[in-house]
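Sequence lines, in order, name chains A and B. Residue numbers for the first sequence follow the numbering used here, beginning at 248 and rising by one. Residue numbers for the second sequence follow the numbering used here, beginning at 248 and rising by one.
Number of protein chains: 2
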Amino acid sequence: MSINISSLLESRTACEKADAADPLANRREEFHLPQGLIYLDGNSLGPMPKKALEHLEQAIRNEWAEELISSWNNAGWWELPQTLGEMIAPVVGAASGQLIVSDSTSLNLYKTVHAALGLRPERTVIISEADSFPTDLYILEGVTSTQQNIQRRLVGVDGDSLDELLDENVAVVTLSHVNFRTGELLPIEELVKKTHDAGALFILDTCHSAGVLPVELDKWGVDFAVGCTYKYLNGGPGSPAFVYVAKRHQQAAVNPLSGWWGHARPFAFEKDFQAAEGIIRFQTGTQPVLSLRGLQAGLEIAQAVDQKLVRQKSQRLTQLFLELVESRCGEYGVTLQSPTDPEKRGSQVALHCLNGFAVIQALIARKIIADFRAPGIMRFGFAPLYLRYTDVWDAAEALTDVLKTEEWREERFQQKHEVT
Amino acid sequence: MSINISSLLESRTACEKADAADPLANRREEFHLPQGLIYLDGNSLGPMPKKALEHLEQAIRNEWAEELISSWNNAGWWELPQTLGEMIAPVVGAASGQLIVSDSTSLNLYKTVHAALGLRPERTVIISEADSFPTDLYILEGVTSTQQNIQRRLVGVDGDSLDELLDENVAVVTLSHVNFRTGELLPIEELVKKTHDAGALFILDTCHSAGVLPVELDKWGVDFAVGCTYKYLNGGPGSPAFVYVAKRHQQAAVNPLSGWWGHARPFAFEKDFQAAEGIIRFQTGTQPVLSLRGLQAGLEIAQAVDQKLVRQKSQRLTQLFLELVESRCGEYGVTLQSPTDPEKRGSQVALHCLNGFAVIQALIARKIIADFRAPGIMRFGFAPLYLRYTDVWDAAEALTDVLKTEEWREERFQQKHEVT
Numbered sequence: 248m249s250i251n252i253s254s255l256l257e258s259r260t261a262c263e264k265a266d267a268a269d270p271l272a273n274r275r276e277e278f279h280l281p282q283g284l285i286y287l288d289g290n291s292l293g294p295m296p297k298k299a300l301e302h303l304e305q306a307i308r309n310e311w312a313e314e315l316i317s318s319w320n321n322a323g324w325w326e327l328p329q330t331l332g333e334m335i336a337p338v339v340g341a342a343s344g345q346l347i348v349s350d351s352t353s354l355n356l357y358k359t360v361h362a363a364l365g366l367r368p369e370r371t372v373i374i375s376e377a378d379s380f381p382t383d384l385y386i387l388e389g390v391t392s393t394q395q396n397i398q399r400r401l402v403g404v405d406g407d408s409l410d411e412l413l414d415e416n417v418a419v420v421t422l423s424h425v426n427f428r429t430g431e432l433l434p435i436e437e438l439v440k441k442t443h444d445a446g447a448l449f450i451l452d453t454c455h456s457a458g459v460l461p462v463e464l465d466k467w468g469v470d471f472a473v474g475c476t477y478k479y480l481n482g483g484p485g486s487p488a489f490v491y492v493a494k495r496h497q498q499a500a501v502n503p504l505s506g507w508w509g510h511a512r513p514f515a516f517e518k519d520f521q522a523a524e525g526i527i528r529f530q531t532g533t534q535p536v537l538s539l540r541g542l543q544a545g546l547e548i549a550q551a552v553d554q555k556l557v558r559q560k561s562q563r564l565t566q567l568f569l570e571l572v573e574s575r576c577g578e579y580g581v582t583l584q585s586p587t588d589p590e591k592r593g594s595q596v597a598l599h600c601l602n603g604f605a606v607i608q609a610l611i612a613r614k615i616i617a618d619f620r621a622p623g624i625m626r627f628g629f630a631p632l633y634l635r636y637t638d639v640w641d642a643a644e645a646l647t648d649v650l651k652t653e654e655w656r657e658e659r660f661q662q663k664h665e666v667t
Numbered sequence: 248m249s250i251n252i253s254s255l256l257e258s259r260t261a262c263e264k265a266d267a268a269d270p271l272a273n274r275r276e277e278f279h280l281p282q283g284l285i286y287l288d289g290n291s292l293g294p295m296p297k298k299a300l301e302h303l304e305q306a307i308r309n310e311w312a313e314e315l316i317s318s319w320n321n322a323g324w325w326e327l328p329q330t331l332g333e334m335i336a337p338v339v340g341a342a343s344g345q346l347i348v349s350d351s352t353s354l355n356l357y358k359t360v361h362a363a364l365g366l367r368p369e370r371t372v373i374i375s376e377a378d379s380f381p382t383d384l385y386i387l388e389g390v391t392s393t394q395q396n397i398q399r400r401l402v403g404v405d406g407d408s409l410d411e412l413l414d415e416n417v418a419v420v421t422l423s424h425v426n427f428r429t430g431e432l433l434p435i436e437e438l439v440k441k442t443h444d445a446g447a448l449f450i451l452d453t454c455h456s457a458g459v460l461p462v463e464l465d466k467w468g469v470d471f472a473v474g475c476t477y478k479y480l481n482g483g484p485g486s487p488a489f490v491y492v493a494k495r496h497q498q499a500a501v502n503p504l505s506g507w508w509g510h511a512r513p514f515a516f517e518k519d520f521q522a523a524e525g526i527i528r529f530q531t532g533t534q535p536v537l538s539l540r541g542l543q544a545g546l547e548i549a550q551a552v553d554q555k556l557v558r559q560k561s562q563r564l565t566q567l568f569l570e571l572v573e574s575r576c577g578e579y580g581v582t583l584q585s586p587t588d589p590e591k592r593g594s595q596v597a598l599h600c601l602n603g604f605a606v607i608q609a610l611i612a613r614k615i616i617a618d619f620r621a622p623g624i625m626r627f628g629f630a631p632l633y634l635r636y637t638d639v640w641d642a643a644e645a646l647t648d649v650l651k652t653e654e655w656r657e658e659r660f661q662q663k664h665e666v667t
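Structural data, given as structure tokens:
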């Protein structure tokens, strides 16, 4: 499939017209965006929804300061993991009762990998991908360090594909929907089917897809999923992550991080653990309420928009950027690291160039915010809820200028210290 | 030891005088306390320090809304777990480099129990206490569910004491400094010594002691500790917990929840996990920044006060309350569940009475906030940083009145639904 954005390539005026016709254009007003900034890092930390400020003020000044412990019941603090989980559910194609917001992505992955292994006790292999966001790999190391009969196999190491690695020993496959570095989008429905055909379970990491493209956890038959709320769901810095457990597994799934928030009767203070029914058993300890309250406004927006419209605009934004960059920046040694096929691409564009770190610093000085991921990758994220076609045009112009003028050579843009 | 508070028992005027002479009296001004409320539930959720509002406004309006991802470096977000850990360290008698704020108490206990077992690989028993806060027991069940050779023994079941349970199979003992229900304070230094004499390691749960009485982790030889920040450290609802790992164990200790925040080079995005040096390896995933920023002000206050003065006032407040209650409420079937010896008592007083739930509801209606813990325990917490002797007097008067008039019999104070 290709996307025709040729008219937009012609001029900034054409981009202005596209902005005027954009069905998502009015969403931009719902975010606080710093003056003059073009923010292409929503794939790292989303900007603040204006309503988040209201929710947080209420949570701090009223619920904590005035109402104190009564807010655990009266302001719904205790149920926030479920309340927020129910808000995310439709955004990722999950029916009710399968999702909570709690802890971090890393911790939720640990819980789900353990649970999946428990559901396939006769099997001993976990498959992941060498190019996963590293914390996913590190967590699998943690699991194998405590369960020493379990082994890890990685797609991509020695060129191995999932087909080659799947066999009757595989208990669980855990993959990322969108690659954090390149933006490559995997065909999850197909991979889940292969995994199930081999008798294994599938855990999906949706950190770089939830909120920016259609995710269909139920329809695709995903068994478990984890995801991030501070990127495209705009939940605030480090806002807690979510975990999805398909209804069919909930009764048998064991959360190894069994704390009182996952107990059937937490306020009976019983000595023995009895897991709550349903998804609640994937809770562990007390949750950071202020960070949860900051997330609500972002989810209200995500719920209100049509993810198909979001995806359509996202594909047009990334296509526009990469075509502008290819036609203007190729001569400066910039190469595209993301898939050219928009159907195989998430909502970010990765470019490689030798001096990527300095180039990104020069762009940031021009108030165009993108980021750098070692080794050599410049990442540009395109969040359709608040970005305009003209922003993409301006960012591509600026990048071209930084490269043409060699502005990046300035001392202030050089790496101050090694990444250690 | 006994504490002479006989002069205070005489009249409210005597209590007013004691307030006027209280060296901690001016600390009260640093908290936002709702008008007319006597807050005896700081052992559950501390009130908001006024400065927390400033920090949070800065974090939300400036760091998130305006500065966005640059705040990870420029506002010190990335280092918050360590920055805040260093602030708690002196409050619990720990030298630098041994404490971080991260995740929940339950999760930190899971990390430390695993680490302790790893340091005693030839041993297979964990000792805890039957009357621990239940999440501690539930987490131990989680550990034993993944490491099936490990067994749990509980102090208090069948009347067993630590002495009787300690033998050469015990890897680790985990106990609470102050009992969450009765307020009983354990002699930790002595228990650590016994534990070490048996060749085992000691994990201390300081949830109900940190910030309200002197804790000496280093001096007592504690190996690992966990603790809560939203009680006596006034960090805000569900603010992340802390974990302490004694320097001598850090090099060999393995955190099973090995996420990217615990990696030696998190931004090198390496495929294999290599634990950071020092306490940082006990970090896991991305932390909830807003909840961490809400905690700073409470720690600034805790650092600034002399914990010995806090303890002294705490003992006088609890002694005053229990003597007032004993002399006035005994005839209504109220019995003391906390130790009478102030040296064996934390900063709370537990009372039992058959209609405890309704009595607490009647007190709350009178704006005296305490809580109920099944079965039958009325808990009154006394946080010396913002409570006055007159508050104690008034609370005891109100309790007496509720019992004498049988106000608690009113329909509105009866339990609406079972704790399920």
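C-beta atoms are modelled at their ideal positions from N, C-alpha and C, and glycine is treated no differently.
Taking all protein chains in view, the Cβ of aspartate 618 (chain A) is crowded by 16 or more other Cβ atoms within 10 Å, so the residue is classified as buried. When secondary structure is reduced to three states using DSSP, valine 459 (chain A) falls in the coil class, being assigned neither helix nor strand.
Within the model, the alpha-carbon separation for aspartate 410 (chain B) versus histidine 361 (chain B) is close to 23 Å.
Here DSSP, grouped into helix, strand and coil, assigns glycine 525 (chain A) to helix. In the same chain as glutamine 566 (chain A), and ignoring 5 residues on each side of it, the C-beta atoms closer than 8 Å to its own belong to Ile250, Ile252 and Pro589, in chain order. Counting only residues of its own chain and dropping the five nearest sequence neighbours on each side, aspartate 641 (chain A) has a CB closer than 7 Å to the CB of Ile285. Scanning its chain for C-beta atoms nearer than 8 Å, with the 5 sequence neighbours on each side dropped, one finds around threonine 371 (chain A) the residues Asn396, Ile397, Gln398, Asn416 and Ala418, in chain order. Within chain A, no residue has its beta carbon less than 9 Å from that of lysine 298 (chain B); the closest one is some 12 Å off.
The C-beta of glutamine 554 (chain B) comes no closer than 8 Å to any C-beta of chain A. Contact between the region 449–459 of chain B and the region 274–289 of chain A is absent, with fewer than three C-beta pairs closer than 8 Å. Secondary structure within the region 469–501 of chain B: the beta strand (DSSP E) runs of 3 or more consecutive residues, fully enclosed, are 471–474 and 489–492 (chain order).
Under the three-state reduction of DSSP, proline 296 (chain B) is assigned to strand.
Distance from the CA of tryptophan 655 (chain A) to the CA of cysteine 576 (chain A), rounded to the nearest whole angstrom, comes to 14 Å.
Contact with chain B is absent for valine 439 (chain A), since none of that chain's Cβ atoms lies less than 8 Å from the residue's Cβ. With three or more CB-CB distances shorter than 8 Å, the region 495–507 of chain B counts as touching the region 529–546 of chain B. Taken atom to atom, the span from the alpha-carbon of leucine 537 (chain B) to that of alanine 299 (chain A) is near 12 Å. With respect to serine 375 (chain A), leucine 384 (chain A) sits close: the two C-beta atoms are nearer than 8 Å.
At least one C-beta of chain A is nearer than 8 Å to the C-beta of aspartate 288 (chain B). Counting only runs of at least 4 residues, the region 279–331 of chain B fully encloses the following alpha helix (DSSP H) elements, listed from N- to C-terminal order: 297–304 and 318–321. Relative to alanine 306 (chain A), the option among A:Glu437, A:Ala544 and A:Ile386 whose CA is nearest is A:Ala544. Under the DSSP assignment, phenylalanine 568 (chain A) falls outside any beta strand (DSSP E), being part of the alpha helix (DSSP H) whose first and last residues are 554–576.
In the structure shown, the three-state DSSP call for glycine 365 (chain B) is helix.
At a beta-carbon threshold of 7 Å, the residues of chain B lying near serine 486 (chain A) are Pro535, ordered along the chain. In the DSSP assignment, isoleucine 548 (chain B) falls within the alpha helix (DSSP H) that extends over 543–551.
Put simply, the region 626–634 of chain A touches the region 595–611 of chain A. At least three CB pairs are less than 8 Å apart. Aspartate 465 (chain A) sits in a helix when the DSSP states are folded into three classes. Only buried fits proline 487 (chain B), as 16 or more other CB atoms lie within 10 angstroms of its CB.
By DSSP's assignment, methionine 625 (chain B) forms a beta bridge with B:Leu598 and B:Phe619. With a threshold of 16 other beta carbon atoms within 10 Å, glycine 283 (chain A) falls short and is exposed.
Distance check between proline 586 (chain A) and each of A:Tyr579, A:Ala500, A:Gly580 and A:Glu570 places A:Glu570 closest, using alpha-carbon atoms only. Within chain A, the C-beta atoms nearer than 8 Å to that of methionine 295 (chain B) come from Ile307, Trp311 and Ala312, in chain order. Using a CB distance below 7 Å, the part of the region 372–396 of chain A facing chain B consists of Ala377, Pro381, Thr382, Leu384, Tyr385, Ile386, Glu388, Gly389, Ser392, Thr393 and Gln394, ordered along the chain.
Selection B:Phe514, B:His302, B:Ser351 and B:Gly474 evaluated against alanine 621 (chain A) yields B:Phe514 as nearest (Cα-Cα). Residue pairing for isoleucine 373 (chain A): DSSP places it in a beta bridge opposite A:Arg399 and A:Val419. Lysine 591 (chain A) and glutamate 463 (chain A) do not touch by the CB rule: their CB atoms are close to 17 Å apart, not below 8 Å. Between serine 317 (chain B) and serine 379 (chain B) a beta carbon distance of about 43 Å is seen, past the 8 Å cut, so the two are scored as non-contacting.
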